[in-house]
Each structure stands twice: as structure tokens, then as C-alpha cells.
Amino acid sequence: MMTENTHHQPLNLATSPNETASPAQMLEVMPLSMFLLLDEQESPNQSFRSPEHPLIDLRDRPAPDVLRVLAIGSPQVVDSFVMTVFHWGYARPEDWSRPLPTINPGEVMRILTKRVTVNQ
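Have a look at this one:
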């Protein structure tokens with residue numbers, strides 16, 4: 024029987040022990056189109072979609088004030104990142120989606136949706 028570790032260490036992506044990773048270094052930029060739900064006929068992998076594992080439709084009306092952050096990796100790495108973002112004071116763990124399965128075994132994703140103000 025496995026017990027869940029309730030203590031999360033902040034994720035450290037620094038390249039050396041004396042270096043601290045910035046928030047910008049923590050995020051890898053990926054095109055949002057990689058995560059959009061396609062129409063039923065366009066789905067590249069129909070077998071992955073099931074009632075237990077529905078895909079998330081990220082398409083919505085254009086809203087420049089909405090930011091979506093995706094954390095994708097093993098459940099432990101994703102939870103650690105969520106806690107790191109919490110320690111930065113940017114988002115609480117409950118602001119993120121529940122862990123969602125990906126097509127890769129042993130991998131999950133969590134989505135944070137925030138309204139932001141962009142100063143122009």
C-alpha cells in the first residue's frame with residue numbers, strides 16, 4: 024500500500040546550487056494549438072478519448088486578459104511545480120485543475136487559468 028507524501032518541496036530548476044531559477048525560466052513556451060480539442064472528425068487519437076478521460080476544450084472567445092499555464096509531467100513533478108508557484112505567491116493549489124491524464128503513461132497535466140492585466 025502506498026502512502027501519499029503530503030510535504031511538497033518547491034521545484035528547483037536552477038543550473039547550480041547557488042543559482043535560483045526565475046519564473047520565466049520555470050515555464051517552457053509551447054504553442055497552445057498543441058492542447059486544443061479538435062472536432063470529432065479531426066481528433067488524431069480517438070482511442071484516447073473516453074468518458075473517464077475527457078479532453079479539455081481550451082477554445083473560447085478571444086480574451087487577451089486570460090492566461091493559461093500548463094504543468095505537464097509526472098504527478099510528483101507537477102504537484103511540486105504547483106507548490107512552487109504557490110510559494111511564489113502567484114496561485115493557490117486549489118486554483119489549478121485536478122490532475123488530468125495525458126496520452127503518455129505516468130504523465131498528468133494541470134491547468135491554471137488566470138485573468139491578468141497587460142500594461143501597454
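Just so it is clear: in the sequence shown, position 23 is 46 by my numbering, and no numbers are missing.
Even for Gly, the Cβ is constructed at its ideal location relative to N, Cα and C.
Just so we're clear, the structure is a prediction, and the values are computed from it rather than from any experiment.
For residue i: DSSP bridge partner residues
i: residue 105; result: Partner(s): none; residue 105 has no beta bridge.
i: residue 94; result: 133
i: residue 111; result: According to DSSP, residue 111 bridges with nothing at all.
i: residue 89; result: 138
Reduced DSSP secondary structure (H/G/I, E/B, other) of residue i
i: residue 131; result: strand
i: residue 124; result: strand
i: residue 64; result: In this predicted model, residue 64 has a pLDDT of only 38, less than 50, meaning its place in the structure is not dependable enough to derive any value.
i: residue 100; result: helix
i: residue 70; result: Because residue 70 sits at a pLDDT of 45, beneath the cut-off of 50, its placement in the model cannot be relied upon, and the following sentence gives the value as read from the coordinates. In this structure, residue 70 counts as helix in the three-state DSSP scheme.
Pair within 8 angstroms by beta-carbon distance, residue i and residue j
i: residue 119; j: residue 135; result: yes
i: residue 97; j: residue 129; result: yes
i: residue 122; j: residue 133; result: yes
i: residue 88; j: residue 139; result: yes
i: residue 116; j: residue 105; result: yes
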